[in-house]
Structure formats: structure tokens, C-alpha cells
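The sequence shown begins at 13 in my numbering and counts up one residue at a time.
For each residue, glycine too, the CB sits at the ideal point set by N, CA and C.
Since the structure comes first, as C-alpha cells, the remarks are kept for the end.
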Amino acid sequence: MTREVKVEQFKTLFEKELQDVRRYRRNEVTLEAKVRILDINRKKLDEGTAKVRNVSLKGAFLADFDLGKKSFPAKPFLIEMKLSGKSYQGINAICHPVRFGKSNDFGIGVEFDELWVETK
13 MTREVKVEQF KTLFEKELQD VRRYRRNEVT LEAKVRILDI NRKKLDEGTA KVRNVSLKGA
73 FLADFDLGKK SFPAKPFLIE MKLSGKSYQG INAICHPVRF GKSNDFGIGV EFDELWVETK
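Right, dumping it as C-alpha cells:
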């Protein structure tokens, strides 16, 4: 006997197990970041700020965007971010969106393409 289960129902039932199979552990944080929205040729389309909610070796989750144009492009784009905060000061990244979240507040899961540190 088989039973049909909707994807959202499956995710809810196995949310903890799905979290446990991630390749890299996420660190819950609340960091300010300066962001620039770039087209795929890295031309600046917009800029503003966002909050980093969690970070791992491979990516991050960004929320609370405050952008000049108040919207995201309808075509593929990149995000350049510069982190602030005691432990993350000077860390910069160029990343691409891999997931658009739809929780209480909108957010974007990103994967790092480039990562570097600026020193004084």
C-alpha cells in the first residue's frame, strides 16, 4: 500500500533530518551586511543592506533587505556582500541565490562563489 504525501508535508515531517544531512554546519548569527545586487556580468544594478541570519563554509541566509530599488531583478543575478561584526569584519563574498525563503520575513539562501578578507 502506498500513500501520497505532498512535498510540504514531507518537509515538515522530516525537517530535522533534512537539516542534519547538510554538508556544512550553519552558525546562527545576526550580522549587518552591505550588499550590492549585480547582473551576471557583475555590473551593479542596486545596493543597500541586509541581515545575515546564518552562515556556513559554503553559504549564508540573508534577510531584511533594504535596497534602493526595493525589488530584485527578474533575471539571474549575483549578490556581493561585505560583512560587519566583531568576528566577521572585513569578510566579503560574491554569491548566487540558491533558495528564496518564504517564512515570516522574506530571505534568500546564497552559495559563495568567491570569498575574501580585507585587512587594514
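For THR42, the enclosing beta strand (DSSP E) covers residues 39-51. Two segments are said to touch when three or more pairs of C-beta atoms, one from each, lie closer than 8 Å; by this definition the stretch 121-128 does not touch the stretch 75-83. Where ALA72 is concerned, the enclosing beta strand (DSSP E) starts and stops at 71-79. The Cβ-Cβ distance between ILE103 and GLU92 does not fall below 9 Å.
Residue pairing by DSSP places ASN116 in no beta bridge whatsoever. Counting along the chain, the unbroken beta strand (DSSP E) around GLY60 starts and ends at 56-67. Excluding its 5 nearest sequence neighbours in each direction, SER83 has no C-beta neighbour in its own chain below 6 Å. Residue nearest to GLY97 within the set ASN39, LYS114, ALA45, VAL129 is ALA45 (criterion: CA-CA distance). Note on VAL110: under 16 other CB atoms within 10 angstroms of its CB, so exposed under the neighbour-count rule.
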